[in-house]
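Quick note, the sequence shown lines up with residues 1014 to 1274 if you use my numbering.
I have placed the structure first, in the form of structure tokens, so that the comments after it can refer back to it.
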Amino acid sequence: MESSLDMSGQVVIVTGGGKGVGRGITECFLKAGADVLICGRSEPDELIQIEDRHPHFVAADIRELDQIAKVIDYARSQWGRIDVLINNAGGAPEADAATVSPRFSEAILRLNLIAPLHFSQQANAVMQNQEAGGNIINIASVSALRPSPGTAAYGAAKAGLISLTMSLAVEWAPKVRVNAISAGMIRTEKSHLHYGDENGIASVGATVPLGRLGEPKDVGNACLYLSSPLADYVSGSNLLIHGGGEKPAFLDAAENKSDSP
């Protein structure tokens, strides 16, 4: 079912909104009628087109304060307001925590935790002066809620992002609501790098209680809800979008033992 939420007249910033999960979020808000501004270090090969509408793009490295300010200034000059900020940009390559360099770990923390804090601060300064306030949504990960082997710094950063969300929700209320979304395994254009071919992706999806990997639009629809009047009393929350989570490993071990002769 397509979303029936009407976001016409709303100005939405999506960091990293040109690909992966961010692209799905952008598409959802465009379909709902919002004016969307996306940013990234490089412009996508092809901008999203929904009928005759497409997102605006500003090239920016969100790890730099002046680059964040450039995105904020563009939104204010173009529309005079910012209604929703979605801190989506992030990620981390796999690395061994025992041998990874301090510089690498600091870069992961900077992208996944410090940059969203700085972006939120600058957006909040605008939202607090708007009659209707605003909404900030931080895209976290289930890696913050369970062990994250191979991406330890990433999991720690996302855990920090959830904590940050709860604190900002208290400090910036009542004008600005702040929430997080902890996404599970989401199918994107890079899924084959982690799970192999279509059979591998299907096999991994079968381990999820709902029987599939999430789609970017699943996260996008959750963002629509959190930024809509339906969620007017939701702030400081962490919404899990993971298809039911992961089946505990001990259950498989117990089943295998019971099948033994």
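Don't be surprised by glycine CBs; every beta carbon is placed ideally from N, CA and C.
By Cβ distance, which residues of its chain are closer than 6 Å to L1226, with the 5 residues on each side in sequence left out? Residue 1226 sits at position 213 when you count from the first residue of the sequence shown. The residues are M1198, R1200, G1218.
When the Cα atoms are used, what is the spatial distance from Q1135 to N1212?
Residue mapping note: residue 1135 aligns to position 122 of the sequence shown, counting from 1. Residue mapping note: residue 1212 aligns to position 199 of the sequence shown, counting from 1. So the alpha carbons of these two residues sit roughly 44 Å apart.
Over what stretch of residues does the beta strand (DSSP E) that includes T997 continue unbroken? What the structure shows of the chain is the stretch from 1014 to 1274, and residue 997 is not part of that stretch, so it cannot be assessed.
- Task: Take L1043 as the anchor and find which of K1083, V1025, G1147 has the nearest alpha-carbon.
- Result: As a position in the sequence shown, residue 1043 is number 30, starting the count at 1. Nearest C-alpha to L1043: V1025.
Could you name each continuous alpha helix (DSSP H) segment of 4 residues or more that falls completely within the region 1061-1140, going from the start of the chain to the end?
-> 1078-1092, 1115-1122, 1128-1140
Measuring CA to CA, which of S1216, V1155, R1123 is closest to A1193? The sequence position of residue 1193 within the sequence shown is 180, counting from 1. Per the Cα distances, V1155.
Given this structure, state the Cα-to-Cα distance separating G1037 from D1058, to the nearest angstrom. Residue mapping note: residue 1037 aligns to position 24 of the sequence shown, counting from 1. Residue mapping note: residue 1058 aligns to position 45 of the sequence shown, counting from 1. Rounded to the nearest angstrom, the two C-alpha atoms are 16 Å apart.
Taking the beta carbon of T1028 as the centre, do at least 16 other beta carbons fall within 10 Å, making it buried, or is it exposed? Your numbering for residue 1028 matches position 15 in the sequence shown. It counts as buried.
- request: Kindly provide the ranges of any beta strand (DSSP E) runs that are 3 or more residues long and lie completely inside the region 1236-1264, ordered along the chain.
  value: 1251-1254
Exercise. Measuring CB to CB, does N1125 end up less than 8 Å from A1170?
Worked result: Counting from one through the sequence shown, the residue named residue 1125 turns up at place 112. Counting from one through the sequence shown, the residue named residue 1170 turns up at place 157. In this structure, A1170 lies closer than 8 Å to N1125 by Cβ.
Q) DSSP three-state call for L1018: helix, strand or coil? A) Along the sequence shown, one-based indexing puts residue 1018 at 5. Looking at L1018 - three-state DSSP - the assignment turns out to be coil, as it is neither helix nor strand.
Unbroken stretches of the alpha helix (DSSP H), 4 residues or longer, contained in the region 1172-1236: 1204-1208, 1211-1218
- What distance in whole Å lies between the Cβ atoms of V1097 and N1148, which are believed to be in contact at a cut-off of 8 Å? Along the sequence shown, one-based indexing puts residue 1148 at 135. Along the sequence shown, one-based indexing puts residue 1097 at 84. Right, the Cβ-Cβ distance comes to about 5 Å (below 8 Å), so this counts as a contact.
- Task: Can you have a look at V1183 and say buried or exposed, based on whether 16 or more other CB atoms are within 10 angstroms of its CB?
- Result: As a first step, residue 1183 is located in the sequence shown; it is residue number 170 there, counting from the start. It counts as exposed.
Endpoints, the beta strand (DSSP E) within which V1025 is located: Counting from one through the sequence shown, the residue named residue 1025 turns up at place 12. Run containing V1025: 1024-1028, per the beta strand (DSSP E) assignment.
Report task. Kindly give me the distance between the Cβ atoms of T1178 and A1105, rounded to whole angstroms, as I take these residues to be in contact under 8 Å. Result -> The sequence position of residue 1178 within the sequence shown is 165, counting from 1. The sequence position of residue 1105 within the sequence shown is 92, counting from 1. Not a contact, Cβ separation roughly 19 Å.
> Mind checking whether I1051 and G1031 have CB atoms under 8 Å apart?
Replying inline: Position 38 of the sequence shown, counting from 1, holds the residue named residue 1051. Position 18 of the sequence shown, counting from 1, holds the residue named residue 1031. The answer is yes: Cβ separation under 8 Å.
Next on the checklist: Is it buried or exposed, R1089, if we count other Cβ atoms within 10 angstroms and call 16 or more buried?
Outcome noted: Along the sequence shown, read from residue 1 onward, the residue named residue 1089 stands at position 76. Its Cβ having fewer than 16 others within 10 Å, R1089 is exposed.
Worksheet item: Are the beta-carbon atoms of I1075 and A1153 separated by less than 8 Å?
Response: Mapped onto the sequence shown, residue 1075 falls at position 62. Mapped onto the sequence shown, residue 1153 falls at position 140. No. Outside cutoff.
_Between the CA atoms of E1119 and L1252 - distance to the nearest angstrom_ = The residue labelled residue 1252 in the question sits at position 239 within the sequence shown. The residue labelled residue 1119 in the question sits at position 106 within the sequence shown. Taking the straight line joining both Cα atoms gives about 27 Å.
DSSP on A1153, reduced to helix/strand/coil? Position 140 of the sequence shown, counting from 1, holds the residue named residue 1153. Here A1153 sits in strand by DSSP.
G1163 (DSSP reduced to helix, strand or coil) = In the sequence shown, residue 1163 corresponds to position 150, counting from 1. The answer is coil: DSSP assigns G1163 none of H, G, I, E or B.
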